[in-house]
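Asker:
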Amino acid sequence: MGRSFSIGIGGAAGQGVATPGDIFAKIFSRRGLHLNAYNAYQSIIRGGHTFLMIRTGPEKISNMGDRLDLLIPLNQDTMDRHLGLLTAGGACLYNSDSIQPGTPAGGVQLCPIPVAKLADISKNKVAQNTLAIGAGLSMMGIGFPALEQVLTEQFRKKEQKVIDENVNLARAGYDYATQNFKPFEWPLPMTEARYAVLSGNTALAMGGAAAGVKFYSAYPMSPSTGVLHWMAEHARKAGIMVRQVEDEIGVINMAIGAAHAGLRAMCATSGGGFALMSEGLGLSAQAEIPIVVIDCQRAGPSTGVPTKTEQGDLWQMLGAAFGDYPRVIAAPLDIGDCFTLIPEIFNIVDRFQCPGIVLCDLLLSEGRLSVDPKELDFNAHIDRGELITSNGAAEHTPYLRYKITESGVSPRAIPGVPDHTHTVSSDEHDEDGVLISDEFTNTVKRRAMMEKRMRKMDGIAASVPPPKLHGPAEADVTLIGWGSTYGVVSEACELLREAGISANHLPIRWLVPLHGDAILDLLKNAKHTIIVENNYSGQFARYLRSETSFVAGGHIRKYDGEPFMPHHIVEAVREQLAGKTKLSVPAHEVMV
Amino acid sequence: MATEVAAPKPMVMADLKGKVDPDWCPGCGDFGVLAAVQKALVELQIAKHDVVTISGIGCSSNFPGFIDTYGMHTLHGRALAVATGMKLANHAMTVLVTGGDGDGFGIGGNHFVHTMRRNVDLCYIVMDNQIYGLTTGQTSPTSRLGMKTKSMPFGSIEAPANPIAIALAAGATFVARGFSADQKHLTELIKRGIEHKGFSFIDVFSPCVTYNHDNTFQWFRPRVRKLEDNPEYDPTDWMAAMEKSTMWGDEIPIGRFFERTDLPSLHGAEPVLNAGPLVHQNNRIPADVAQSFITELM
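Keeping their order, the protein sequence lines are chains A and B.
The first sequence runs 26 to 617 under our numbering.
The second sequence runs 10 to 307 under our numbering.
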């Protein structure tokens with residue numbers, strides 16, 4: 026990864042941390058810079074502490090990084106908590122009327138802004154924020170017009186006076202910094218590229234729209250609610266039926282009703298809501314009605330830490346609902362992949378008529394990433410599988426909804442088609458849908474139906490690509506991760522290589538089906554394997570072992586609610602290669 | 010796709026016969042409800058492929074298997090949620106929901122209330138036998154106070170739910186009660202319920218001949234009184250309906266308690282459906298709309 030620049034903005038919830046973040050993000054992406062942002066916050070609407078980290082640079086930024094170049098504390102608490110994150114060359118922009126600076130590390134520039142002198146603070150409560158944005162951009166070597174344009178857009182619904190006030194305020198901050206503070210050593214470059222900036226939740230929702238989702242149901246639950254918000258806001262333009270339902274049980278069953286009618290139906294929740302959905306997941310499998318459920322994981326168990334990230338739901342997904350049934354589980358690797366994965370998994374669940382689960386997490390759902398707009402492909406391939414939407418030929422042999430076939434897939438007629446009436450059922454049933462669970466219980470038929478459904482897993486496995494090793498074929502250490510750790514592990518591998526330790530990376534995207542043989546083949550010559558995951562018990566390590574008997578040489582785990590930073594992994598690899606431990610649990614230094 | 014093949018001859022009762030015969034106990038009240046539903050569909054001449062019958066789990070929830078329409082036999086208590094998704098996805102379909110009192114008022118109570126408040130255009134027929142039958146005789150939400158069952162062998166100490174009053178309070182736009190032994194009356198109620206543009210709820214006394222020895226056909230017969238026989242009863246008067254809903258004992262009202270037709274159904278209020286049933290709409294986002302979604306992010 027090339028050079029990057031990081032900004033940290035902190036304050037109490039309600040102080041307006043998000044707006045400067047959005048403004049910086051817009052300016053950077055329009056400058057042709059990539060960015061990655063992560064907001065650490067708490068389950069509180071006003072107060073508490075919120076800390077947003079935005080990292081930018083000309084090359085793809087895969088994670089929030091390790092360090093800060095610019096700190097903007099909006100209150101004393103933020104100054105006290107985070108000044109220590111700045112190293113030589115960094116700067117801290119703060120309101121000198123209300124915030125006392127701490128003692129910074131050597132080479133850190135303290136930049137006091139006399140807010141009351143530059144602004145009428147009786148009129149504008151967030152004056153310090155706007156002044157700091159202006160000042161920061163001046164120090165980054167970015168011309169003022171970029172900010173003027175974004176502010177004009179930001180306040181476009183307000184009267185001209187409001188726009189002028191904010192632009193003038195930003196200019197005052199910009200000019201004050203030009204005169205009084207030392208610019209950063211690395212002026213932010215400019216490229217010809219232009220990026221879209223989006224959260225994982227927006228990407229999941231847009232990916233759904235691109236996949237042809239016409240029905241979305243949800244119950245609000247952090248950190249999945251952003252999917253509902255995008256869907257609700259864009260429903261009418263996109264022609265998508267969006268419903269907020271009374272509970273997650275209703276959510277999944279409504280989706281199943283819509284899916285049976287012939288629509289692509291999707292819903293998103295977090296671990297707690299998913300627990301309520303699990304019986305419905307079994308219905309989807311048994312009645313062979315395809316749906317996609319997204320789980321945006323947060324730190325559990327129970328209500329847990331609603332605003333913090335974790336990869337702790339893997340075994341819930343593996344074991345969700347009773348009985349054996351075919352299912353697909355995939356974990357997007359980054360925010361762009363949140364978009365790409367949805368059409369892919371819909372094609373699979375439509376072809377194989379089973380439930381699909383997308384295992385996302387707060388880090389991706391609520392993080393922001395710059396994505397090449399070409400990656401947001403609304404012409405994604407759509408394969409609805411064997412779907413009967415009209416009765417075609419006049420002659421019909423009796424239609425068998427659950428006809429036993431070699432692939433296990435039976436052509437699916439949607440209600441409304443003449444001459445295909447049938448009943449789908451959560452009870453075990455015969456080929457024609459008649460129950461074999463009650464008076465007609467029949468061991469031969471039951472076995473045949475189980476085998477028919479489970480045969481679909483063979484076709485699914487053949488439709489899902491095996492994972493690939495990233496980096497050199499041979500390396501001192503092989504890091505294995507799944508889902509959202511992709512970005513941070515990729516950077517850790519680069520840092521290790523720069524430090525003389527060759528490292529490669531096996532990221533897992535498709536969890537079920539898991540290509541166990543392919544994974545064993547990739548790992549057979551690995552010198553030292555370490556599994557990196559954001560949970561306590563090594564859920565993926567245990568799963569990989571159960572599927573392949575593979576036992577990794579070591580583990581790096583984190584379950585404090587915050588995501589990994591690259592140095593956490595680098596340092597853990599070093600201590601494990603030195604033989605000090607087989608389990609590293611890095612401490613999170615950013616106190617939020 | 011409903012109109013691709015013109016029906017050459019009128020549908021008759023035999024056309025609606027399911028693939029198997031009902032597995033209900035001989036004498037079960039549910040037979041009468043099945044016959045009334047089939048008769049209502051025949052009288053209304055709704056093509057069977059344009060009907061979806063959706064149920065939860067329980068004796069009466071085996072219903073979809075005994076009638077030849079499209080059917081969904083879903084999860085215990087969840088039929089109304091599934092049916093809502095079905096109706097919103099394809100509002101050209103006639104959606105019937107069938108089930109029992111345990112399924113609808115017990116485990117499904119949350120969906121019952123919310124489906125009514127949303128005025129989803131479907132006809133919900135509850136075969137209310139005031140007992141759990143398929144689990145071999147436990148107290149249900151409508152079991153009477155003091156009733157002895159396997160789960161409350163010393164008599165229930167819980168007051169029963171009043172489904173009619175709940176439906177009225179939750180905003181159902183059609184609320185009725187039938188008696189499985191009065192075929193003609195029940196068939197008329199079901200026809201009206203299907204034709205009602207909004208949520209119609211029909212609570213049907215459908216005695217369990219095996220486990221409920223209190224609320225039998227013999228017990229109901231002398232007690233039920235048709236609201237339709239009272240020329241002064243006005244089914245548009247919500248307060249009067251509420252008052253009637255509390256009557257229980259020597260005289261139990263059946264018939265149409267309440268109906269209002271001035272409220273839009275859920276699918277009628279949803280602009281996304283202006284272009285017709287969703288299932289027939291294009292699932293590709295138009296290029297200019299897709300581009301506008303991306304431009305918002307830049």
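Glycine residues also receive a C-beta, built at the ideal position from the N, C-alpha and C atoms.
These numbers come from a predicted model, not from an experiment.
Output the distance between the C-alpha atoms of residue 160 of chain A and residue 558 of chain A, rounded to the nearest integer angstrom.
Answerer: 39 Å
Asker: List the endpoints of the continuous alpha helix (DSSP H) containing residue 518 of chain A.
Answerer: 511 to 523
Asker: Ignoring anything shorter than 3 residues or poking outside the segment 280 to 344 of chain A, list the beta strand (DSSP E) runs there in chain order.
Answerer: 289 to 294, 316 to 322
Asker: Do we get a CB-CB distance below 8 Å when we pair residue 303 of chain B with the residues of chain A?
Answerer: yes
Asker: Might you give, ordered along the chain, the residues of its own chain that have their beta carbon closer than 7 Å to the beta carbon of residue 156 of chain B, omitting 5 neighbours on each side?
Answerer: 148, 164, 165, 223
Asker: So, with DSSP's three-state summary, where would you put residue 275 of chain B?
Answerer: Collapsing the DSSP output to three states places residue 275 of chain B in coil.
Asker: How about residue 362 of chain A: is its C-beta nearer than 8 Å to some C-beta of chain B?
Answerer: no
Asker: List the residues of chain A whose Cβ lies closer than 8 Å to the Cβ of residue 220 of chain B, in chain order.
Answerer: The premise fails here: residue 220 of chain B is roughly 17 Å from chain A at the closest Cβ pair, so nothing lies under 8 Å.
Asker: Find the residues of chain A that neighbour residue 240 of chain B, judging by a C-beta separation of less than 9 Å, and give them in chain order.
Answerer: Neighbours of residue 240 of chain B on chain A: none; closest Cβ ~40 Å, over 9 Å.
Asker: Output needed in chain order: residues of the segment 231 to 254 of chain A with a Cβ under 9 Å from some Cβ in chain B.
Answerer: 231, 234, 235, 236, 237, 238, 239, 240, 242
Asker: Consult DSSP for residue 210 of chain B and reduce its assignment to one of helix, strand or coil.
Answerer: strand
Asker: Using a Cβ-Cβ distance under 8 Å, would residue 374 of chain A count as near chain B?
Answerer: Answer no: the Cβ-Cβ gap between residue 374 of chain A and chain B never drops below 8 Å.
Asker: Under a three-way DSSP split, which group does residue 82 of chain B fall into?
Answerer: strand
Asker: Write down the C-beta distance between residue 321 of chain A and residue 248 of chain A rounded to the nearest angstrom, noting that I regard them as a contact closer than 8 Å.
Answerer: 5 Å
Asker: Of all the alpha helix (DSSP H) runs that stay within the bounds of the segment 515 to 599 of chain A, which reach a length of 4 or more residues?
Answerer: 541 to 548, 564 to 573
Asker: Among the candidates B:110, B:140, B:145, B:60, whose CA atom is the shortest distance from the CA of residue 130 of chain B?
Answerer: B:60
Asker: Please classify residue 10 of chain B: does DSSP put it in a helix, a strand, or coil?
Answerer: Only weak support exists for where residue 10 of chain B lies, its pLDDT of 49 falling under 50; the value from the coordinates is given anyway. In this structure, residue 10 of chain B counts as coil in the three-state DSSP scheme.
Asker: On the DSSP letters alone, give me the boundaries of the alpha helix (DSSP H) that residue 163 of chain A sits inside.
Answerer: 152 to 164
Asker: Since residue 167 of chain A meets chain B, which of its residues come closer than 7 Å, beta carbon to beta carbon?
Answerer: Those do not exist, as residue 167 of chain A stays about 17 Å from chain B at its closest Cβ, beyond 7 Å.
Asker: If I measure Cβ to Cβ from residue 10 of chain B and keep anything under 7 Å in the same chain, skipping five residues before and after, which residues do I get?
Answerer: Residue confidence for residue 10 of chain B is low, a pLDDT of 49 falling below 50, so the modelled location carries little weight and cannot support an answer.
Asker: Within its chain, find whatever has a CB closer than 6 Å to the CB of residue 314 of chain A; leave out the 5 residues flanking it on each side and keep chain order.
Answerer: 281, 284, 285
Asker: Check the DSSP bridge columns for residue 160 of chain B and list the partner residues they point to.
Answerer: Paired residue(s): none; residue 160 of chain B is not in a bridge.
Asker: Are any of the Cβ atoms in chain A nearer than 8 Å to that of residue 123 of chain B?
Answerer: Answer yes: the Cβ-Cβ gap between residue 123 of chain B and chain A drops below 8 Å somewhere.
Asker: Could you name each continuous beta strand (DSSP E) segment of 3 residues or more that falls completely within the segment 386 to 451 of chain A, going from the start of the chain to the end?
Answerer: 393 to 396, 448 to 450
Asker: Can you find the residues in the same chain that come closer than 7 Å, C-beta to C-beta, to residue 26 of chain B, ignoring five residues on each side of it along the sequence?
Answerer: 77
Asker: The beta strand (DSSP E) with residue 133 of chain B in it runs from where to where?
Answerer: 132 to 137
Asker: Does the beta-carbon of residue 49 of chain A have 16 or more other beta-carbons within 10 angstroms, so that it is buried, or is it exposed?
Answerer: buried
Asker: Show which residues of chain B have a CB atom less than 8 Å away from the CB atom of residue 110 of chain A.
Answerer: Going along chain B, no residue has its Cβ under 8 Å from residue 110 of chain A, so there is no contact; the nearest lies around 29 Å.
Asker: Counting only C-beta atoms, is residue 136 of chain B closer than 8 Å to chain A at any point?
Answerer: no
Asker: Within 8 Å of any Cβ in chain A, is that where the Cβ of residue 203 of chain B sits?
Answerer: no
Asker: So that I know if they touch, is there some Cβ in chain A lying closer than 8 Å to that of residue 307 of chain B?
Answerer: yes
Asker: Is the CB-CB distance between residue 75 of chain A and residue 66 of chain A below 8 Å?
Answerer: yes
Asker: Pick helix, strand or coil for residue 184 of chain A, following the three-state DSSP scheme.
Answerer: coil
Asker: Excluding the 5 residues preceding and the 5 following residue 351 of chain A in the sequence, name in chain order all residues of the same chain whose CB lies nearer than 7 Å to its CB.
Answerer: 310, 377, 379, 478, 479, 481, 482, 485
Asker: Compare the C-beta of residue 30 of chain A against all C-beta atoms of chain B and say whether one is closer than 8 Å.
Answerer: No Cβ of chain B is located within less than 8 Å of the beta carbon of residue 30 of chain A.
Asker: So, with DSSP's three-state summary, where would you put residue 120 of chain A?
Answerer: strand
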